[in-house]
Amino acid sequence: MEELAGFVNGSVNRRKVLEILESKGATEPKRVAKIARLIPSATNKILQELEENGLVQKTADGKVELSADGKIIIDYTRAL
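Under our numbering, the sequence shown has 42 at position 60, and the numbering climbs by one with no breaks.
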């Protein structure tokens, strides 16, 4: 858990993307980029890293959302 918390808190943009998904729910990657004020390629890289670490997942309609572990890690990092 601490390793994932360090991974998330090690990047302001990773944290920002997770918080956007927490507040908006399932969202298109393009929309996440716009809200986060990041270029789409950077957002896609962040989303890929988060997915590889089991914190986000793709939906059937191409959106991304927090996974169960993603929800836990958001709460965990807030408690630090």
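All C-beta atoms, glycine included, are put in the ideal place defined by N, C-alpha and C.
Of all alpha-carbon atoms in Val46, Gly44 and Leu37, the one lying nearest the alpha-carbon of Val(-10) is that of Leu37. Of the residues assessed, Val(-6) falls on the exposed side of the cut-off, its CB having fewer than 16 other CB atoms within 10 angstroms. Within 10 angstroms of the beta-carbon of Gly52 lie 16 or more other beta-carbons, which makes it buried.
Taking 8 Å as the cut-off, the Cβ atoms of Lys40 and Glu10 do not count as close. Under DSSP, the beta-bridge partners assigned to Thr9 are Val46.
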